[in-house]
Amino acid sequence: MTYFELKEKLKNYPIFRLEDIFKWFPKADKRTVIFQLSHWTKKGHLERLKRGVYKLPDYQIKDIFILANFFLPSYISCESALNYYGIIPDIPFATTSVTTTKTLTIKTQKYGSFIYYRIKPSLFFGYRIVNPGPLYFYKIAAPEKALFDFIYLRSFKRDFNPNTYLFEARFGFERNFKWGNLKKWQKLISQNKKKFHLALDNLFKKYRV
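Take any residue in the sequence shown, note its place counting from 1, add 221, and you have its number in my numbering.
If you want it as structure tokens, here you go:
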């Protein structure tokens, strides 16, 4: 594989993973490819986003949400999705997502941090696909699922107070917010998760639903 052969492939895939190369060039040697990518990155021919993920340096990423799904099997949720829908006013310091793998933070030089919260596979639902451009897409939670994930994950923290979080978060909801979905999904969580259930019950009382 030469750089020009790779660049020809990258006309349609300006952001790519290491494993993509072996789909395009199945006979390529792994050690050689890793050396080539490192060399081309040092030369400025490629930009390394994180370990195993690269892009062409002249390709402008206009929506960093596409990177969130690129790094891990996930969908954008919690603070990032809530801010996206205007439910919370504060802009998160990192792009937040949920995943079924493990909780971790990925830091990039140009695009900030990406936080992934682990949830069990049975709760990995309630997202939609957004196409910000012709080449890539990302998954983002529906407004109700973003709030569900936010409260569910917060409820595991020791300092989470289900009686005060409503004032701290400063929620704002549109009329078409589907409260029924929250009530339906609440039944999926064990009653042993008392802080979670109390937090949702307080939310329903405040907004009279």
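Cβ coordinates follow ideal geometry from the N, Cα and C atoms, glycine included.
Keep in mind that this is a model prediction, so the values were computed, not measured.
Residue i in three-state terms, based on DSSP
| i | result |
| --- | --- |
| Lys323 | coil |
| Lys414 | coil |
| Arg238 | strand |
| Lys328 | strand |
CA-to-CA distance, residue j to residue i, given in whole angstroms
| i | j | result |
| --- | --- | --- |
| Ile309 | Ile236 | 31 Å |
| Leu387 | Glu365 | 15 Å |
| Asn423 | Pro278 | 49 Å |
Limits of the beta strand (DSSP E) - the one that residue i falls within
| i | result |
| --- | --- |
| Phe225 | Segment 224–230 is the alpha helix (DSSP H) holding Phe225; no beta strand (DSSP E) there. |
Under 9 Å between C-beta atoms of residue i and residue j
| i | j | result |
| --- | --- | --- |
| Ser295 | Thr320 | yes |
| Phe246 | Glu226 | yes |
| Gly307 | Glu395 | yes |
| Leu288 | Thr329 | yes |
| Lys404 | Tyr373 | no |
| Asn290 | Ser318 | yes |
| Phe358 | Ser334 | no |
| Phe369 | Trp400 | no |
| Lys283 | Gly354 | yes |
| Pro483 | Phe345 | Coverage of the chain is limited to positions 222 through 430, which leaves residue 483 absent and any answer about it impossible. |
For residue i, the first and last residue of its enclosing alpha helix (DSSP H)
| i | result |
| --- | --- |
| Leu403 | 400–407 |
Beta strand (DSSP E) segments (min. 3 residues) lying fully within the stretch 257–317: 268–271, 274–276, 295–297
Continuous beta strand (DSSP E) assignments of at least 3 residues falling wholly in the stretch 336–397: 348–351, 359–362
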